[in-house]
Ligand SMILES: Nc1ncnc2c1ncn2[C@@H]1O[C@H](COP(=O)(O)OP(=O)(O)OP(=O)(O)O)[C@@H](O)[C@H]1O
Ligand SMILES: [Mg+2]
């Protein structure tokens, strides 16, 4: 029982905080849903970057896989939102299984670059080649085609909010678990010393492949949530230029930690919101921000919170000791 | 029909020239400094925009070319001395993120100064040469020839001058060069300034062909990536060979079936990478962290 | 001899360009013996281990394990057969704790598979792993460092951890590549203590620079010089061998 609560406590706190925030700032609900969705996207990247140490400059591609899987289904084939989500997960899985073996054999720099290239390809695909299906820049619109789902009607923003909370809760529990499982430890071990992992007898290729596929599935889930929440999808979701956002948010939160992605997303989207009221273009701000984070706060927001927490605790201990 | 393909080949050669110029910096940067300098395309964009500004102000393309190259080199000098020095020797991922941020900042600056709209740049001359019945713009041929001259020039420099020899030794074995008491820092700066100048030069040359937009660097970055991945990071010869291949794939491939102009390079890279993960001429290292 | 060779090589050769790092080496390691290989810098000792453990494929020759040809077997599969190695430059996971390092090593042994999806569902804190890891930590006096991040530890502790990571999974054959290199006298003593406790009844290949630290443990001694094993036999006869005296001793004094 005690063990179980270890995995539930953190995610539950997080979700409760968001729900409280929703009732205090009712007009910020869209923003909260955005944070929730985006943080799942960032968790995906964190598995890749924070855990396994692989940088990808093409994350929007994987987001797009999920978004377009759901969108194409809803616009052309069916009306069931849950099926749309399942399809997105499936496409994420397939993408991971197929692209994985080709990509993860590459050295770190090649991996980063080939992802960027893939992302650009994806954009081109949905903009031009698949135009009859994706309608290119006009985007796919299917809000009116979505049927109500039982229990929670995902077409309604306030009910979608609850759905997002459930997803976040589940993902966070899973992520906490992953962090403590043998798989999570292997991911982190591979990051610093792949050779040693091999000579401990692990198949590092398959471990990487697994991590990569997980990333694909989670990113596709986030993409699918975007697709359903907005009721339309256009190619801007897979724009390579937006790969930077992902890296920034990951770094900002603190890479390779359970709560880093969420805080990173919160900080990043919050700052972007703030900045965009002053300057219209985000590139400059994002660029400067990343450099500051890289050089000054290498632990990110969550790392900084932890350091401060540790300081307070050790001070508390010290004062307790001096008291006795 | 034949004319069509002849002119496609020549167009492809022109594209190769540009690709080579803009990719060489990424390739050398990796070979010498062990960083993937994603911000090379900032210099490309700067070069193009300065050419645009000068051509519209004075009408002189040559002046634009010179100033574009110079501005790119200066920008490269500032970035190298102020920022990149601090990231040498750090993990590759870190350097990629930092240089990508520089790229974004560069784009932001261009947007701020020149606005968002794309703008055309006037051709310096419209001479057409006839070749086997095909009409070929001399400018494109010239771009190709310039690209090849730069390759020859770089090779001469690397093989004949002392600085070049130091650079080459540095690429092969940085520790040894340090041990010889050569100031690697200065070599890095010189190399970097040359590389960024070349990227700017490429941008300037390309500006009449494609016009200028703040995002031109993004489009080019993709092709530059493909060029260096295909050629092999760190290899100058590889960069040239892959630029030549890709130019033809884009141009001839695009003539045969239009989408190939975009998908073709990607497919070629993908296939090569599958069989040779380090690209055509890349050597060092096998995959993540495999180097002892 | 009534013992059978566990590891054996026949004429293995490894070249780097024109340079022959390991030159037609025939070698065998018997069951339950401790064999030392000494040799000067650049003799090819590490390269030879790299071939034994599956890091490189040799250009010529074969490697056998229990009579089976394993020349082209992957590293992970050799580990599965019980052949473990350490590295000359210490290889541990700096971003994990001491406990995680050890349990990761033992987990593989417990599952006995290079990869399984069970890794998702298994906690490294499960009792079956924890007890064995605890035991090993006590043996190597690492238990007070249990939850330390390895990156913060001194080199001596990291070396001991790396040894512990091999011991924990109780391998059939262990290959140690210069376990004393880079350590201070005090730390060397600690490692030697570990060996004294551990080494009997195990099949072990020990690589060292100098003979002095090995003499105490090894049953047989081999000398490597310029890629060749020039002599192999019991300690005394090896050290008195004329060729060894000529090639190695003059470097050692
Ligand atoms: N990957 C490699 N590429 C080229 N040469 C190599 C490589 N690895 C080792 N060598 C060369 O092979 C020779 C043998 O190296 P090795 O590391 O096996 O020696 P060693 O006996 O372990 O020496 P030490 O006592 O210094 O560890 C050395 O001259 C070394 O320079
Ligand atoms: Mg060695």
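Protein chains in written order, with this note's numbering: chain A, -19 to 304; chain B, 436 to 727; chain C, 3 to 255. Where is the CB? At the ideal position from N, CA and C, for every residue including glycine.
Taking the CA atoms as reference points, residue 162 of chain A sits about 46 Å from residue 513 of chain B. For residue 125 of chain C, the secondary structure class from DSSP, reduced to helix, strand or coil, is strand. Distances taken from the Cβ of residue 43 of chain C to the heavy atoms of ligand 1 include one shorter than 7 Å. For residue 182 of chain C, no alpha helix (DSSP H) run applies, since DSSP gives it neither H nor E. Residues of the same chain with a CB within less than 8 Å of the CB of residue 573 of chain B, apart from the 5 flanking positions on each side, are 560, 562, 563, 564 in chain order.
Secondary structure at residue -15 of chain A: helix, using DSSP grouped into helix, strand and coil. In the pairwise beta carbon analysis, the segment 277 to 293 of chain A is classified as touching the segment 231 to 240 of chain A: at least three pairs are separated by under 8 Å.
Checking the 7 Å criterion, the Cβ of residue 32 of chain C is out of range of every heavy atom belonging to ligand 2. Residues with their Cβ less than 7 Å from any non-hydrogen atom of ligand 2, running along the chain, are C:47, C:48, C:90, C:179, C:180, C:209. Against chain B, a Cβ distance below 8 Å from residue 89 of chain A picks out 465, 471, 527, 531, 668.
At a cut-off of 8 Å between C-beta atoms, residue 280 of chain A does not count as an interface residue with respect to chain C.
Nearest CB-CB separation between residue 155 of chain C and chain A: not below the 8 Å threshold. Checking the 7 Å criterion, the Cβ of residue 23 of chain C is within range of a heavy atom belonging to ligand 1. 77, 78, 79, 80, 81, 82, 86, 87, 88, 89, 93, 94, 95, 96: these are the residues of the segment 77 to 96 of chain C whose beta carbon lies less than 9 Å from some beta carbon of chain A, given in chain order.
Between residue 510 of chain B and residue 549 of chain B, the C-beta spacing is not below 8 Å.
Separation of residue 51 of chain C and residue 667 of chain B (C-alpha to C-alpha, rounded to the nearest whole angstrom) is 31 Å.
For the options B:439, B:632, B:597, the alpha carbon positioned closest to that of residue 618 of chain B is the one of B:597. For the pair of segments examined, the segment 79 to 88 of chain A was found not to touch the segment 9 to 24 of chain A: the number of CB pairs separated by less than 8 Å stays below three.
Less than 8 Å divides the Cβ of residue 199 of chain A from the Cβ of residue 42 of chain A. Contact annotation: in the segment 6 to 31 of chain A, residues whose CB is within less than 8 Å of a CB in chain B are 29. At least one CB atom of chain A sits nearer than 8 Å to the CB of residue 124 of chain C. Distances taken from the Cβ of residue 211 of chain C to the heavy atoms of ligand 1 include one shorter than 7 Å.
Here residue 652 of chain B is buried. Its C-beta has 16 or more other C-beta atoms within 10 Å.
The alpha-carbon separation between residue 87 of chain C and residue 178 of chain C amounts to approximately 6 Å. Taking a C-beta cut-off of 8 Å against chain C, none of the residues of the segment -17 to -3 of chain A qualify. Not a single CB atom of chain C sits nearer than 8 Å to the CB of residue 159 of chain A. By DSSP's assignment, residue 62 of chain C forms a beta bridge with C:15. Remark: the shortest separation between the CB of residue 18 of chain C and any heavy atom of ligand 1 falls under 7 Å.
Counting along the chain, the unbroken alpha helix (DSSP H) around residue 110 of chain C starts and ends at 100 to 113. In the structure shown, residue 207 of chain C adopts extended strand secondary structure according to DSSP, grouped into three states.
Contact annotation: residue 255 of chain A and residue 262 of chain A have beta-carbon atoms nearer than 8 Å. When the beta-carbon positions are compared, residue 92 of chain C and residue 164 of chain C come within less than 8 Å of each other. Residue 145 of chain C is not bridged by DSSP to any residue.
Chain-order list of chain A residues neighbouring residue 572 of chain B: empty, with the shortest C-beta distance near 26 Å, by a criterion of under 8 Å. Taking 8 Å as the threshold, the shortest C-beta distance from residue 73 of chain A to chain C does not fall below it. Residue 570 of chain B: member of the beta strand (DSSP E) spanning 569 to 572, first to last residue.
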